[in-house]
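Q: One structure coming up, written as structure tokens, with questions to follow.
There are 2 protein chains.
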Amino acid sequence: MPDTADKAISEFVEQMGLIIQSEGLPRIAGHIVGLMIMHEGPFSLTQLAERLSVSRASISTNTRLLEDLGVIVRHAKPGDRQDYFRLGQQPYARILRGVVRRMRRARDVIESTRDALPEGMADAQERLQELDAFYEALTESFLNVIDAWDAETQGSTKQKRDGVRPSP
Amino acid sequence: MPDTADKAISEFVEQMGLIIQSEGLPRIAGHIVGLMIMHEGPFSLTQLAERLSVSRASISTNTRLLEDLGVIVRHAKPGDRQDYFRLGQQPYARILRGVVRRMRRARDVIESTRDALPEGMADAQERLQELDAFYEALTESFLNVIDAWDAETQGSTKQKRDGVRPSP
DNA sequence: TAGTTTGTTCAGTCAAGACTGAACAAACTA
DNA sequence: TAGTTTGTTCAGTCTTGACTGAACAAACTA
């Protein structure tokens, strides 16, 4: 009953669009990733456009975006002018790195605000400090996950992966 | 030089709008939180509207939203008909809980897709498994941060806070 | 040479949802 | 009673940015 399978696949591709969208990326980027999870590929730009019923312009823009994030990789087949795409290494960890970058920017804002704040506002300083500590804990936590992922997926060496980074 | 301070404050409020927006919440919600970090308050709905130069309707909607998330709390002053708002306990952890909820929903999608997928697609199954494991690690990691936060901020008891949850 | 194919870019359209103004109900005051 | 004040809700506007179609450059083919 391949009908059920097809339904499940397109449903998943659709949902991945929404999930990725909630991470602040375009929906089509999610569709591409979803499709590549379902089928290894590789896919040409035209194939992606047809399969997702979307303009080649959109595919071009979004493959570029995902490529910049390191989520997918582009490669050429010898004797074929088309570009082909497939998932890169640790695609999810790549997305996470983007989140870490966002948090670093947020912490910059906090820091410069703290610097500019006058003496009198001790309580505001305290709350800013609390917010910054929160971001710090979160960043630390993310990096743990990324590290663990790198070690597990990549290294056949399978080095330390105890879930906690060594305390500073 | 209170001018510099005012500038820093409104700059921060503005930036918090953008930061919160990148988390998928309305910009004004971020402005409210930002202002409350700068000044403890409490603020009435009218005060917030005036201070942020925004309609009372928007404030009403967004305070409601933040209240539902548990980020701010509403309370009454005796002999005053107005509602007053201020930051709640562990406001940032509350926002994080929302993220955890989103991830749980994503994992549900993954699971039902795996169930519906036919035998033949073993490699797709494998990639789905990988994605699910990633979400699992991330969720675990978030909950650690939330737990640690709860323990540190709230409990004077300061119970176990070793950075890792007990394995199931 | 002219004609394809492929990927990119850009101006324009469209949709989602944030925000507003106005109308409203509830609780108060004079 | 009529008139305020306060918070909510809803229809409508407006902004943001995703997506498209068309034009284009580059690399190929005949």
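Residue numbers (our numbering), protein chains in the order written: chain F, 891 to 1058; chain D, 891 to 1058.
C-beta: ideal position from N, C-alpha, C; glycine also.
With ARG964 (chain D) as the anchor, note down where its beta strand (DSSP E) starts and where it stops.
A: Against the second sequence, residue 964 (chain D) aligns to sequence position 74. First-last of the beta strand (DSSP E) with ARG964 (chain D): 962-966.
Q: Does the count of Cβ pairs from the stretch 974-982 of chain D and the stretch 947-961 of chain D closer than 8 Å reach three?
A: Enough Cβ pairs lie closer than 8 Å, so yes.
Q: Give the residues of chain F in contact with ARG1017 (chain D), contact being defined as C-beta atoms less than 9 Å apart.
A: The count along the second sequence starts at 1 and reaches residue 1017 (chain D) at position 127. Neighbours of ARG1017 (chain D) on chain F, chain order: MET926, ILE927, MET928, GLU930 and LEU977.
Q: Between the stretch 924-935 of chain D and the stretch 901-912 of chain D, can you find at least three pairs of beta-carbon atoms closer than 8 Å?
A: With a cut-off of 8 Å, the stretch 924-935 of chain D and the stretch 901-912 of chain D count as touching, because enough Cβ pairs lie within range.
Q: Going by DSSP, what residue range makes up the beta strand (DSSP E) through LEU977 (chain F)?
A: Within the first sequence, numbered from 1, the residue matching residue 977 (chain F) stands at position 87. First-last of the beta strand (DSSP E) with LEU977 (chain F): 973-977.
Q: When the cut-off is 8 Å and only beta carbons count, does GLY914 (chain D) lie next to chain F?
A: The residue labelled residue 914 (chain D) in the question sits at position 24 within the second sequence. Judged by the 8 Å Cβ criterion, GLY914 (chain D) is in contact with chain F.
Q: TYR982 (chain D) touches chain F at which residues, Cβ-Cβ below 9 Å?
A: One-based indexing of the second sequence puts residue 982 (chain D) at position 92. Correct list: GLU1020, LEU1021, PHE1024, TYR1025 and LEU1028.
Q: Which stretch, first to last residue, makes up the alpha helix (DSSP H) that contains GLY1010 (chain F)?
A: Looking up residue 1010 (chain F) in the first sequence gives position 120. GLY1010 (chain F) -> no alpha helix (DSSP H), and no H or E assigned at all.
Q: What is the rounded straight-line gap between the Cα of ILE922 (chain F) and the Cα of VAL999 (chain F)?
A: One-based indexing of the first sequence puts residue 922 (chain F) at position 32. One-based indexing of the first sequence puts residue 999 (chain F) at position 109. Each residue's alpha carbon lies about 34 Å from the other.
Q: Reducing DSSP to helix, strand and coil, say where SER858 (chain F) ends up.
A: Given a span of 891 to 1058 for chain F in the structure shown, any question on residue 858 (chain F) remains unanswerable.
Q: CA-CA distance, THR894 (chain D) and GLU1020 (chain F)?
A: Here residue 894 (chain D) refers to the residue found at position 4 of the second sequence. Here residue 1020 (chain F) refers to the residue found at position 130 of the first sequence. Cα to Cα, THR894 (chain D) sits roughly 23 Å from GLU1020 (chain F).
Q: Specify whether the stretch 999-1009 of chain D and the stretch 959-974 of chain D touch according to this definition: at least 3 beta carbon pairs, one from each stretch, less than 8 Å apart.
A: No, because fewer than three Cβ pairs between the stretch 999-1009 of chain D and the stretch 959-974 of chain D fall closer than 8 Å, the two stretches do not touch.
Q: Report the rounded CA-to-CA distance for GLU1030 (chain D) versus ARG987 (chain D), giving the unit in angstroms.
A: Position 140 of the second sequence holds residue 1030 (chain D). Position 97 of the second sequence holds residue 987 (chain D). Taking the straight line from one Cα to the other gives about 12 Å.
Q: Pull up the distance between the alpha-carbon of ILE1036 (chain F) and that of LEU935 (chain D), whole angstroms please.
A: If you number the first sequence from 1, residue 1036 (chain F) lands on position 146. If you number the second sequence from 1, residue 935 (chain D) lands on position 45. Approximately 42 Å between the Cα atoms of the pair.
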